[in-house]
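First comes the structure, then the notes that go with it.
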Amino acid sequence: AQSVTQLDSQVPVFEEAPVELRCNYSSSVSVYLFWYVQYPNQGLQLLLKYLSGSTLVKGINGFEAEFNKSQTSFHLRKPSVHISDTAEYFCAVSTYSSNTGKLIFGQGTTLQVKP
Amino acid sequence: GAGVSQSPRYKVAKRGQDVALRCDPISGHVSLFWYQQALGQGPEFLTYFQNEAQLDKSGLPSDRFFAERPEGSVSTLKIQRTQQEDSAVYLCASSPMGRGNTEAFFGQGTRLTVV
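Keeping their order, the protein sequence lines are chains Z and F. Mapped onto our numbering, the consecutive letters of the first sequence carry residue numbers 2 to 116. Mapped onto our numbering, the consecutive letters of the second sequence carry residue numbers 61 to 175.
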């Protein structure tokens, strides 16, 4: 079975500061990794995904994430955040062997950007 | 349509009442998922359809939950005899195919409150 742990439930940060949202996963098989963002009263929107190849993945809105297989981590980073980045962020995995593509999500991290 | 559409956006049900939640996926998407998101938690998988076939219903929490997609397009999640613990946001997602590396597109969700 797979599981995802997001190590911080809330991350407060000042505008224009860098931020890192941490994600660790557990799986006995190879996985694909995803970060989704959820704005208030909205559905989830894909930020970025790691499928294979380069371990540094760039996504929308200036976010990037690095896959570290040895540490089973997929931390999300942004060098300079904006007020508009305030949202809930979810890390998720699906398996190579999946014939459905269902996602296993972490519990989420609330990013609070302060002026 | 342009995206995944869910209705109603909000539903208040009295305990014991039956409810039906509708999902209109992106046209042509083969795969459809239902997730349940409790307050302050990440989404949890409920069930998966490939066209009209329900291939995975391992996440349905009880036999009070039933989902269908009779023509391989619109899907309905039905909850019978609602309980307070059913209060959550129910998210629908669709994707072009059922593979672990395929992006899922999410609707805005239906917030169900059982009183």
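Ideal placement from N, C-alpha and C gives every residue a C-beta, glycine not left out.
Worksheet item: In angstroms, rounded to a whole number, what distance separates the CA positions of residue 112/F and residue 120/F?
Response: 17 angstroms
Worksheet item: What residues of chain Z sit near residue 9/F, judged by a beta carbon separation below 7 angstroms?
Response: Because residue 9/F is not part of the residues shown, which for chain F are 61 to 175, the question remains open.
Worksheet entry | residue 170/F at chain Z interface by Cβ criterion, 7 angstroms | no
Worksheet item: What does a CB cutoff of less than 6 angstroms around residue 117/F pick up in its chain, not counting 5 residues either side in sequence?
Response: 107
Practice prompt. Examine chain Z for any beta-carbon lying closer than 7 angstroms to the beta-carbon of residue 107/F, and answer yes or no.
Written response: no
Practice prompt. Using only the heavy atoms of the ligand MN, determine whether one of them is closer than 6 angstroms to the beta carbon of residue 112/F.
Written response: Although the ligand MN was asked about, the structure shown includes no ligands whatsoever.
Worksheet entry | Strand pairing of residue 166/F, partner residues [DSSP] | 153/F
Worksheet entry | C-beta atoms of residue 168/F and residue 109/Z nearer than 7 angstroms | no
Fill in: Status (buried if at least 16 other CB within 10 Å, exposed otherwise) for residue 15/Z
exposed
Worksheet item: residue 29/Z by DSSP, collapsed to three states: which one?
Response: coil
Worksheet item: At a Cβ threshold of 7 angstroms, is residue 163/F touching chain Z?
Response: yes
Worksheet item: What residue from 68/Z, 114/Z and 60/Z has the CA that sits closest to residue 83/Z's CA?
Response: 114/Z
Practice prompt. Could you tell me whether any Cβ in chain Z is nearer than 7 angstroms to the Cβ of residue 50/F?
Written response: Residue 50/F lies beyond the residue range present for chain F, which begins at 61 and ends at 175; the question has no answer from this structure.
Item to complete: Can you have a look at residue 56/Z and say buried or exposed, based on whether 16 or more other CB atoms are within 10 angstroms of its CB?
Response: exposed
Discussion item. Could you compute how far the alpha carbon of residue 80/Z sits from the alpha carbon of residue 20/Z?
Written reply: 6 angstroms
Item to complete: Apply the 10 Å Cβ neighbour rule to residue 139/F and answer buried if 16 or more other Cβ atoms are within range, or exposed otherwise.
Response: buried
Worksheet item: Where residue 93/F and residue 92/Z are concerned, what is the direct C-alpha to C-alpha distance, given to the nearest angstrom?
Response: 17 angstroms
Discussion item. Does any residue of chain Z have a CB that is nearer than 7 angstroms to the CB of residue 159/F?
Written reply: yes
Discussion item. Quick check: what's the CA-CA separation for residue 103/Z versus residue 95/Z?
Written reply: 6 angstroms
Worksheet item: What's the C-alpha gap between residue 48/Z and residue 88/F?
Response: 23 angstroms
Worksheet item: residue 95/F lies in the beta strand (DSSP E); which residues open and close that run?
Response: 91-97
Item to complete: Pull up the distance between the alpha-carbon of residue 11/Z and that of residue 131/F, whole angstroms please.
Response: 42 angstroms
Worksheet item: Which residues of chain F have a Cβ atom closer than 8 angstroms to the Cβ of residue 115/Z, listed in chain order?
Response: Near residue 115/Z there are no residues of chain F at all, since even the closest Cβ is about 21 angstroms away, more than 8 angstroms.
Item to complete: Under 7 angstroms Cβ to Cβ from residue 90/F, same chain only, skipping five residues before and after it: list those, please.
Response: 110, 111, 156, 157 and 158
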